[in-house]
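Colleague: Before I ask anything, here is the structure I am working with.
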Amino acid sequence: MIEFEAVSKTYPGGSVAVEEFSLTVPSHRTVALVGSSGSGKTTLLRMVNRMVEPTRGRVLIDGQNVQAGNAVSLRRSIGYVLQAGGLLPHRTVLDNVATVLRLNGLSRTPARQKAAELMGRVGLDAGLARRYPGELSGGQQQRVGVARALAPDPNILLMDEPFGAVDPIVRRELQDELLRIQKELGKTIVFVTHDVDEAFRLGDEVVVLRDHGVVAQRGTPAEILAAPADDFVADFVGANRAERTLHTQTVGGRTIAVDGDGRPVGVMTS
846 MIEFEAVSKT
856 YPGGSVAVEE
866 FSLTVPSHRT
876 VALVGSSGSG
886 KTTLLRMVNR
896 MVEPTRGRVL
906 IDGQNVQAGN
916 AVSLRRSIGY
926 VLQAGGLLPH
936 RTVLDNVATV
946 LRLNGLSRTP
956 ARQKAAELMG
966 RVGLDAGLAR
976 RYPGELSGGQ
986 QQRVGVARAL
996 APDPNILLMD
1006 EPFGAVDPIV
1016 RRELQDELLR
1026 IQKELGKTIV
1036 FVTHDVDEAF
1046 RLGDEVVVLR
1056 DHGVVAQRGT
1066 PAEILAAPAD
1076 DFVADFVGAN
1086 RAERTLHTQT
1096 VGGRTIAVDG
1106 DGRPVGVMTS
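One gets my numbering by counting positions in the sequence shown from 1 and adding 845 to each.
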């Protein structure tokens, strides 16, 4: 479980990134932080692994203040996936995945064996093991990044706009892969995105942020769509957009879901 207790972050010069943010992220759940630029979502994510230190307040993991221990040890115990993978360009795919395992003291051969297993888990062909990041597609690089984050078997996975740099088809595939992995492994995931549709698809809970980390609304995707807290949330999630206002029609004996513009979007099943 991750707890943010009234955390704030003010940078030198007086720039406020986050102000008095509090939130509990339940164990084994995916919580998506969604907001536009300036909402502080990445700053909040990086407070968990101490890449950013709060000016005030505390971040707790299972009741323990993250600032009480060693920052490097903390980071190596938490999976971290960022946009464009953040891979080491001079290392092969296999050695990129094995990086944290080696840093944690595992010898080269077992680290590579574990890395090869993880490549399979995230849908990477074994033939890619000896390639370098520059020889991979964007989607493949992101899969490597996910495999590397999962390598030390962390309880917590932090994901910072991880699928934002790939095309929509690959993005959907990566989302599917994450949903499958989460169903199998049950990690505690904090997922940062500016894409509300991605947040709704991946998050068990979604937190909509205003500027400086002010919580506009928190709830399940269904709760937020059904009852936006105010006009800001309604506009941000597009609650009144045509593609969100669905109704049904019967065509050829089947019930079809149709959006507000009359376009069919799916078939209803019992």
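Just so you know, even glycine gets a beta-carbon here, dropped at the ideal spot from N, CA and C. Model, not experiment: these values are computed from the prediction.
Return yes when the Cβ of Val1112 is within less than 8 angstroms of the Cβ of Val1103, no when it is not.
Modeller: The answer is no: Cβ separation not under 8 angstroms.
Colleague: Using a beta-carbon distance below 8 angstroms, is Asp1080 in contact with chain C?
Modeller: Considering every chain present, this structure includes no chain C. It has just one protein chain.
Colleague: Return the residue from the list Ala1079, Gly1058 and Val1059 that minimises the CA-CA distance to Glu1068.
Modeller: Nearest C-alpha to Glu1068: Ala1079.
Colleague: So who's on the other strand from Ala1102, going by DSSP bridges?
Modeller: Its beta-bridge partners are Thr1093 and Gly1111.
Colleague: Give every residue of the same chain whose Cβ lies closer than 6 angstroms to the Cβ of Val991, excluding the five residues on either side of it in the sequence, and list them in chain order.
Modeller: Taken in chain order, the residues that qualify are Val926 and Val967.
Colleague: For Ser853, list the residues DSSP reports as bridge partners.
Modeller: Its beta-bridge partners are Arg901.
Colleague: Distance check for Ile1101 and Met964, CA to CA, integer angstroms please.
Modeller: When rounded, the distance between both Cα atoms is 39 angstroms.
Colleague: Please classify Ala994: is it buried, with 16 or more other beta-carbons within 10 angstroms of its beta-carbon, or exposed?
Modeller: That one is buried.
Colleague: If you compare alpha carbons, which of Gly1107, Gly1048 and Leu1023 is closest to Arg1086?
Modeller: The option with the nearest alpha carbon to Arg1086 is Gly1107.
Colleague: Which of the three DSSP states is assigned to Ala974 in this structure?
Modeller: Reduced to three states, the DSSP call for Ala974 is coil.
Colleague: Which residue's Cα is closest to the Cα of Val1041: Leu1030, Glu850, Gln1062 and Tyr977?
Modeller: Out of Leu1030, Glu850, Gln1062 and Tyr977, Gln1062 has the C-alpha closest to the C-alpha of Val1041.
Colleague: Along the chain, which unbroken stretches of the beta strand (DSSP E) at least 3 residues long are found entirely within the stretch 901-947?
Modeller: As far as the stretch 901-947 is concerned, its whole beta strand (DSSP E) runs of at least 3 residues are 901-906 and 924-927.
Colleague: Alpha carbon to alpha carbon, how far is Glu1018 from Phe1045? Give it in angstroms, no decimals.
Modeller: One C-alpha to the other measures close to 16 angstroms.
Colleague: Verify whether the separation of the beta carbon atoms of Arg895 and Gln909 is less than 8 angstroms.
Modeller: Contact flag unset, no.
Colleague: Along the alpha helix (DSSP H) that carries Met964, what are the first and last residues, could you check?
Modeller: Here the alpha helix (DSSP H) through Met964 covers Arg953 to Arg966.
Colleague: Compare the C-alpha of Gln1027 against each of Thr875, Ser853 and Gly1064 and name the closest.
Modeller: When only C-alpha atoms are compared, the closest one is Thr875.
Colleague: Helix, strand or coil for Phe1036 per DSSP?
Modeller: Three-state result, Phe1036: strand.
Colleague: What does a CB cutoff of less than 6 angstroms around Gly1064 pick up in its chain, not counting 5 residues either side in sequence?
Modeller: The answer is none, since no qualifying residue turns up.
Colleague: State the Cα-Cα distance for the pair Thr888 and Ala862, rounded to the nearest angstrom.
Modeller: The straight-line gap from Cα to Cα measures roughly 7 angstroms.
Colleague: May I have the straight-line CA-CA distance separating Val938 from Ala1074, to the nearest angstrom?
Modeller: About 45 angstroms.
Colleague: Give the straight-line distance between the Cα atoms of Met1004 and Phe1036, rounded to the nearest whole angstrom.
Modeller: Approximately 5 angstroms between the Cα atoms of the pair.
Colleague: Among Leu1054, Gly859, Arg920 and Ser918, which residue has its Cα nearest to the Cα of Ala877?
Modeller: Out of Leu1054, Gly859, Arg920 and Ser918, Leu1054 has the C-alpha closest to the C-alpha of Ala877.
Colleague: In angstroms, rounded to a whole number, what distance separates the CA positions of Pro999 and Ile923?
Modeller: Spanning the two alpha carbons is a distance of roughly 5 angstroms.
Colleague: On a CA-only basis, which of Leu948, Glu865 and Ser884 is nearest Asp1056? Give me that one, please.
Modeller: Of the listed residues, the one whose Cα sits closest to Asp1056 is Ser884.
Colleague: Would you mind reading off the limits of the beta strand (DSSP E) that contains Phe866?
Modeller: Element bounds for Phe866: Val861 to Val870.
Colleague: Checking 8 angstroms against the spacing of the C-beta atoms, do Leu1024 and Leu1002 come in under that value?
Modeller: Their beta carbons are not under 8 angstroms apart, which means Leu1024 does not touch Leu1002 by this criterion.
Colleague: Taking Asn949 and Arg921 to be in contact with their CB atoms under 8 angstroms, please state how far apart those CB atoms are, rounded to whole angstroms.
Modeller: Yes, they are in contact, since the Cβ atoms of Asn949 and Arg921 sit about 6 angstroms apart, within 8 angstroms.
Colleague: What runs of the beta strand (DSSP E), each 3 residues or longer, lie entirely inside the stretch 995-1079?
Modeller: List check, beta strand (DSSP E) in window: 1001-1005, 1033-1038, 1050-1054 and 1060-1064.
Colleague: Quick check on Ala877: does DSSP put it in helix, strand or coil?
Modeller: Note: Ala877 maps to strand in three-state DSSP.
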